[in-house]
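Working notes, structure below.
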Amino acid sequence: MNPIGRRTLLKKEIHRFLRVPGQTLAQPVVTTSLYFLVFGFALGGSVREIDGVSYIRFIVPGLIMLAIIQNAFLNTSSSMFMMKVQGTVVDLLVAPLGTADLLIAFITAAVCRGLLVGSIVWLVAAVFTGFSIAHLGWVLVFATLVGITFGLFGLALAIWSDKFEQLNLIPTFVITPLTFLGGVFYSVSMLPKPWSTLTLANPILYMVEGLRYGLLGTAGSPPLVGLIVTGGFAIAAFALTWWMLATGYKLRS
Amino acid sequence: MPAAVETEELTKRYPKVEALRGVSLRIEQGEIFALLGPNGAGKTTWISIVCGLTRASSGHARVLEHDVARAPLDARRQLGLVPQEINFDPFFTPREVLRFQLGYYGLPPDEARIDEVLFALTLADKADVNARELSGGMKRRLLIAKALVHRPRVVFLDEPTAGVDVTLRRELWAYVRTLRAGGTTIVLTTHYLEEAEELADRVAVIDHGRLISLDRPSALLASHGRRQVLFTLGAPIDRALPEKLAALGVTVDASGTQLTCPLRASDLSTVLAEVAALPAPIVDMRTEQPSLEQVFLTLTGGRA
Ligand SMILES: Nc1ncnc2c1ncn2[C@@H]1O[C@H](COP(=O)(O)OP(=O)(O)OP(=O)(O)O)[C@@H](O)[C@H]1O
Ligand SMILES: [Mg+2]
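Read top to bottom, the protein sequences are chains B and E. The numbering used here puts the first residue of the first sequence at 33, with every later residue one more than the last. The numbering used here puts the first residue of the second sequence at 566, with every later residue one more than the last.
Written out as C-alpha cells, the structure is:
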C-alpha cells in the first residue's frame with residue numbers, strides 16, 4: 033500500500049479532466065440539457081404523467097444516470113487508453129503502486145467526475161422542476177455505486193483494447209443502447225408485453241429506477257432490488273479489473 | 566554487500582522468438598554497467614523483466630535482494646527506469662510530471678529536488694511549458710529526470726543518449742559519474758560504443774538472447790582488440806603479396822589498393838619498409854587503435 037502514490041495518481045486523474053472543462057464538464061451538460069428540452073418540454077406534452085409524476089420530472093433521474101454512466105466510464109477508459117498509446121502507462125507499472133492503489137485512484141477519479149457532472153445536470157433540471165430530493169441517502173448510494181461500476185468497466189475495457197475501435201465497441205453497442213432502453217425516457221409499464229419483460233433483463237433499468245426512487249420517492253421497482261443488481265455488477269466489474277491489474281493482463285507482457 | 570541486480574538463468578519466450586535464453590548477471594552496487602548487443606539481442610527484454618514490466622518465462626531476477634516476481638513493490642521502490650521508447654503526457658509540464666513521479670514513489674512534494682533535477686538535465690527553462698512543446702532530445706532528458714527524481718538506488722538507462730546532442734551527451738556522462746560517486750548503481754544500454762568505453766566499469770555483450778562476453782572494457786580491448794595499420798595504394802597490386810608481407814599477416818582487399826596489417830609493437834619498421842618497396846605508391850596510411858567497436862564487431866560477427 034502506497035497512500036501518497038495513490039493520492040498522487042488520484043490528483044493527476046482529477047487534474048486531467050478539470051484541465052479540459054469544455055470537453056469533460058460543459059459538453060455533457062449541454063447534451064443533457066438538450067435531452068431535457070426535446071424530450072421533457074417539446075415531446076413531453078403528449079405524456080402528461082407517469083406513475084403520478086409529471087413527465088418532465090420523471091426523466092430527470094434518467095438523465096442524471098446517463099451522465100454518471102457516461103462520465104465515469106469515459107474517465108477511466110480514455111485515461112488508461114491514452115496512457116497505453118502514449119506509453120506513459122510504463123510510469124505507473126514501474127512505480128511501487130499496488131493493485132489496490134491503482135484501482136482506488138482510478139475509480140475515485142471516475143466517481144468524482146460522474147458525481148460532478150451528475151450534480152450539474154441535476155442543478156440544471158432542478159431549475160425547472162424544483163430542488164426537492166425524496167431520499168438523499170439512496171441518491172448517493174446509487175450515484176456512487178453506478179460511478180464505481182462504470183469506472184471499473186471503463187478501466188477494464190481500456191486495458192483490453194488494442195485499438196481505438198475496440199474502445200468504442202462496448203459504449204456504442206452495449207452501454208448506450210441499454211441506457212436508452214433502460215427506462216430513462218419511459219416507464220417499463222408503458223411497453224407492450226414481450227418488450228416490457230425483455231426490459232426487465234436490462235440491469236441499467238434498476239440503476240435508473242433506484243435513482244428515481246431516491247430523487248422522486250416513487251419508482252417502477254423497489255430500491256433494494258436496484259441495490260442488489262447494481263451491487264452485483266459492481267462486484268463483477270471489481271473482480272474483473274482486479275484480476276487484470278494483479279496479473280498484468282495485457283499490461284505486463 | 567548484496568548485488569544491486571542479479572539475474573539467474575533468465576529466459577523469455579515470445580510466441581515467435583526466444584528473446585532471452587538463460588542470462589545470468591550480477592551487477593555490484595555502485596557500478597556503471599553497460600549492456601551491449603545488436604538490435605533485437607534482448608537488452609530491453611532483460612531490463613523490462615528486472616523492472617517488472619515483463620514477466621520472465623523462467624529464471625529469477627532480484628534488485629537489492631528483492632525478488633521482482635515475489636516482492637515486486639519492494640524491488641520497484643529501489644529503481645528508476647528510462648525506457649527506450651520516448652513517452653510523454655501532453656497534458657502536463659515537466660515540473661508537474663516530476664511532482665507526480667515523486668508522489669508515485671511515496672515521497673512528499675519536494676520542489677528543491679525537482680529544481681535540482683531539472684537543472685542537472687538542462688530543462689530548467691522548460692520547466693513550465695507543456696511537454697508537447699519539448700524537442701525530441703528534451704523529451705528524452707525529461708525521461709531521465711523522471712527516472713532520477715526519487716533518488717533510486719539502481720537506475721536503468723535504456724539508450725539514454727539516443728537523439729541527445731553531443732554537448733549534452735558529455736554533460737550527461739558527467740552527471741552519471743556524479744550519481745555513481747553518490748552510490749547509485751547505473752545500468753545502461755547504448756549503441757554508441759564510445760559511450761560504454763568512456764563510462765562503464767564493466768560491459769556485457771548480449772547476442773541472440775545469450776550473454777557472450779562480460780568484462781571490464783580494458784580487459785575486452787586487451788583480449789579482443791587489435792591495433793592495425795591500413796595503407797591505401799595509388800594503384801592496385803596485381804600479383805600476390807610478397808612473402809614477407811604475407812608472413813606479417815597483411816591482407817589485401819578485392820580492389821587491390823587497401824592493405825590491412827595487424828600490428829605488434831616491434832614490427833612497424835619492417836611493415837613500413839616492405840610496403841614502401843611495393844611498386845604502387847602509398848597515398849594514405851592510418852593506424853587503428855583497439856576500440857570497443859572493433860571488439861563488439863568481432864564478438865557479434867560483424868553486426869553492429
Ligand atoms: N512484446 C513483444 N512481443 C514479441 N516479441 C518481442 C516483444 N518485445 C521484444 N520482442 C522480441 O524479442 C527480441 C529482443 O528484443 P529487445 O527489445 O529485448 O531487443 P534489444 O536488444 O533491446 O534491441 P534494440 O537494440 O533494437 O533496442 C526481439 O527479437 C524482439 O522482436
Ligand atoms: Mg532495446
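Backbone N, C-alpha and C fix where the C-beta goes; we use that ideal spot for every residue, glycine too. Since the structure is predicted, the reported quantities are computational estimates derived from the model, not experimental observations.
Next on the checklist: Between E:R781, E:D639, E:A692, which has its C-alpha nearest E:I592's C-alpha?
Outcome noted: E:R781
Next on the checklist: Once the 5 residues before and after B:S219 are set aside, which same chain residues still bring their CB inside 8 Å of it?
Outcome noted: I82, D83, F90, G252
Checklist entry - Comparing the C-beta of B:T140 with each C-beta of chain E, is any distance below 8 Å? => result no
Next on the checklist: Can you find the residues in the same chain that come closer than 7 Å, C-beta to C-beta, to E:R791, ignoring five residues on each side of it along the sequence?
Outcome noted: P827, P855, Q859
Checklist entry - Nearest to E:G668 by CA position, among B:A266, B:P35, B:W227, B:L248, is which residue? => result Per the Cα distances, B:P35.
Checklist entry - Can you list, in chain order, the stretches of the alpha helix (DSSP H) that have 4 or more residues and sit fully within the region 228–253 of chain B? => result 235–248
Next on the checklist: Determine, for E:P673, whether the minimum Cβ-Cβ distance to residues of chain B falls below 8 Å.
Outcome noted: yes
Checklist entry - Can you name the residues that DSSP bridges to E:G645? => result E:V720
Checklist entry - Ordered along the chain, which non-local residues of its own chain (more than five positions away) have a Cβ less than 6 Å from that of E:I523? => result Nothing about residue 523 of chain E can be read from this structure; chain E reaches only from 566 to 869.
Next on the checklist: Measuring only from the beta carbon, is E:D849 closer than 7 Å to any heavy atom that is part of ligand 2?
Outcome noted: no
Next on the checklist: Does chain B have any CB closer than 8 Å to the CB of E:G701?
Outcome noted: no
Next on the checklist: Just checking: is the beta-carbon of E:D723 within a distance shorter than 8 Å of some beta-carbon in chain B?
Outcome noted: With its beta carbon at least 8 Å from every one in chain B, E:D723 lies outside the interface.
Checklist entry - When you compare only the Cα positions, how much space is there between B:L32 and E:A784? => result Given that chain B is displayed from residue 33 to residue 285, the structure contains no residue 32 of chain B and the question cannot be resolved.
Next on the checklist: Against E:E650, what residues of chain B qualify as contacts under a CB-to-CB distance less than 9 Å, listed in chain order?
Outcome noted: G119, V122
Next on the checklist: Considering only their Cβ atoms, is the gap separating E:L864 from E:V770 smaller than 8 Å?
Outcome noted: yes
Item to check | Closest Cα partner of B:F73 within the set B:K282, B:R38, B:I88, B:L237 | outcome: B:I88
Checklist entry - Whose CB is closer than 7 Å to a heavy atom of ligand 3? List the residues in chain order. => result Of the ligands this structure carries, namely ligand 1 and ligand 2, none is ligand 3.
Next on the checklist: Nearer than 7 Å: is that true of the beta carbon of B:G242 relative to any heavy atom of ligand 1?
Outcome noted: Proximity of the beta carbon of B:G242 to ligand 1 is not indicated: no heavy atom of the ligand is located closer than 7 Å.
Checklist entry - From E:G595, E:F656, E:V752, E:E676, pick the residue whose C-alpha is nearest to that of E:I647; which is it? => result Sequence inspection shows Val at residue 647 of chain E; the Ile mentioned does not correspond to that position. Among E:G595, E:F656, E:V752, E:E676, the Cα nearest to that of E:V647 belongs to E:V752.
Checklist entry - Which of the three DSSP states, helix, strand or coil, is assigned to B:C144? => result helix
Item to check | Cα-Cα separation between B:R48 and B:L210, rounded to whole angstroms | outcome: Roughly 28 Å separates the two Cα atoms.
Next on the checklist: Does the distance between the C-beta of E:G747 and the nearest non-hydrogen atom of ligand 1 fall short of 7 Å?
Outcome noted: no
Checklist entry - Of the residues E:T835, E:D803, E:S589, E:A800, which one's Cα is nearest the Cα of E:G814? => result E:T835
Checklist entry - Taking DSSP as the reference, what is the three-state secondary structure of E:R591? => result strand
Item to check | Simplified DSSP assignment, three categories, for E:A636 | outcome: In the displayed model, E:A636 falls within coil according to three-state DSSP, outside both helix and strand.
Checklist entry - Checking contacts by CB at 8 Å: is B:G37 closer than that to chain E? => result yes
Item to check | Where the beta strand (DSSP E) through E:H773 begins and ends | outcome: Taken as a continuous stretch (DSSP letters only), E:H773 belongs to no beta strand (DSSP E), as it is neither H nor E.
Checklist entry - On the three-pair Cβ rule with 8 Å, is the region 703–714 of chain E touching the region 654–666 of chain E? => result Result yes; three or more Cβ-Cβ pairs closer than 8 Å.
Next on the checklist: Quick check: the Cα distance between B:L283 and E:A640, rounded to an integer number of angstroms?
Outcome noted: 18 Å
Checklist entry - So E:L575 packs on E:G624, CB below 8 Å; how close in whole Å? => result 4 Å
Checklist entry - Which residues in the same chain as B:F27 place their Cβ atom closer than 8 Å to its Cβ, once the five residues preceding and following it in sequence are excluded? => result Nothing about residue 27 of chain B can be read from this structure; chain B reaches only from 33 to 285.
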